[in-house]
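Chemist:
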Amino acid sequence: MTRDELFEKLKPLAIGLQNTLTSKQHAFNASRNIVDECKFNGINNKLIVEAINSHLPDNEKITLTYFKNLLARSKSKSDTTITKRTSESLSKDSLSASTKTEASVQAIHSKDELADYMKACFGAERLAIRAMEAGVSIDTIKSWKCPNQISLGTRLSNHIQNQ
Numbered sequence: 774m775t776r777d778e779l780f781e782k783l784k785p786l787a788i789g790l791q792n793t794l795t796s797k798q799h800a801f802n803a804s805r806n807i808v809d810e811c812k813f814n815g816i817n818n819k820l821i822v823e824a825i826n827s828h829l830p831d832n833e834k835i836t837l838t839y840f841k842n843l844l845a846r847s848k849s850k851s852d853t854t855i856t857k858r859t860s861e862s863l864s865k866d867s868l869s870a871s872t873k874t875e876a877s878v879q880a881i882h883s884k885d886e887l888a889d890y891m892k893a894c895f896g897a898e899r900l901a902i903r904a905m906e907a908g909v910s911i912d913t914i915k916s917w918k919c920p921n922q923i924s925l926g927t928r929l930s931n932h933i934q935n936q
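Add 773 to a position in the sequence shown, counting from 1, and you land on the number used in my numbering.
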């Protein structure tokens, strides 16, 4: 890529930075793919800043440090978005998987049995299902004499782990 091509390629970014209706960070984020392409082609930050500044008036020129800050904030924002999307998709997958599991367990066990387990498990359906899956009897749960749902969950986990 020649110097003139670089200067023309970065012109939209410079115009976006001049726009007073949006923040400079927003303009930079919108043109981030151009910067990434330049970096991929081996162009250093100093040359990119020089190309951007060639399209800006003297009072709006950016420094190398400011460019690095824009780039770092843009990278951290894109990393956060990727993480957020990944965690959302994982939670949706786990939610649908747990719903399918609960539906299959409920189909196997009668509703009366589930109601009896829920009485012993402080009304916690999830604990009742875990107890039924592990084959823990209602009498065993009652013999533990757990004062609340949290301690019952801990006791049930320990029991399942030690089986």
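From the three backbone atoms N, C-alpha and C, an ideal C-beta is built for every residue, glycine too.
Since this is a predicted model, take the numbers as computed values, not measurements.
In three-state DSSP terms, what is MET905?
Modeler: Along the sequence shown, one-based indexing puts residue 905 at 132. The answer is helix: DSSP assigns MET905 an H, G or I state.
Chemist: Suppose the cutoff is 8 Å on Cβ atoms and the five residues either side in sequence are ignored; what does the same chain contact list for PRO790 look like?
Modeler: Position 17 of the sequence shown, counting from 1, holds the residue named residue 790. Sequence inspection shows Leu at residue 790; the Pro mentioned does not correspond to that position. The residues are LYS797, ALA800, PHE801, ILE825, LEU829, GLU833 and ILE835.
Chemist: Would you kindly check if the distance between the Cβ of LEU900 and the Cβ of GLN936 is under 8 Å?
Modeler: Along the sequence shown, read from residue 1 onward, the residue named residue 936 stands at position 163. Along the sequence shown, read from residue 1 onward, the residue named residue 900 stands at position 127. No, Cβ-Cβ distance for GLN936 and LEU900 is not below 8 Å.
Chemist: Just checking my contact of ARG805 with SER847 at CB under 8 Å: how many whole Å lie between their CB atoms?
Modeler: Along the sequence shown, read from residue 1 onward, the residue named residue 805 stands at position 32. Along the sequence shown, read from residue 1 onward, the residue named residue 847 stands at position 74. Indeed, because the Cβ distance is near 5 Å, the residues count as touching under 8 Å.
Chemist: What does a CB cutoff of less than 7 Å around LYS819 pick up in its chain, not counting 5 residues either side in sequence?
Modeler: Sequence index remark: in the sequence shown, residue 819 carries index 46 (1-based). Contacts found: LEU837.
Chemist: Which runs of the beta strand (DSSP E) spanning at least 3 residues fall entirely within the stretch 785-833, listed in chain order?
Modeler: With a minimum length of 3 residues, no continuous beta strand (DSSP E) run stays inside the stretch 785-833.
Chemist: Do you know how far the Cα of ASN817 is from the Cα of GLU781?
Modeler: Here the question's residue 781 lines up with position 8 in the sequence shown. Here the question's residue 817 lines up with position 44 in the sequence shown. Going by the C-alpha atoms only, they are around 16 Å apart.
Chemist: Could you tell me which of THR793, ASP885, LEU786 and LEU794 sits nearest to LEU843, measuring between CA atoms?
Modeler: In the sequence shown, the residue the question calls residue 843 occupies position 70. When each option's Cα is compared against that of LEU843, the closest is LEU786.
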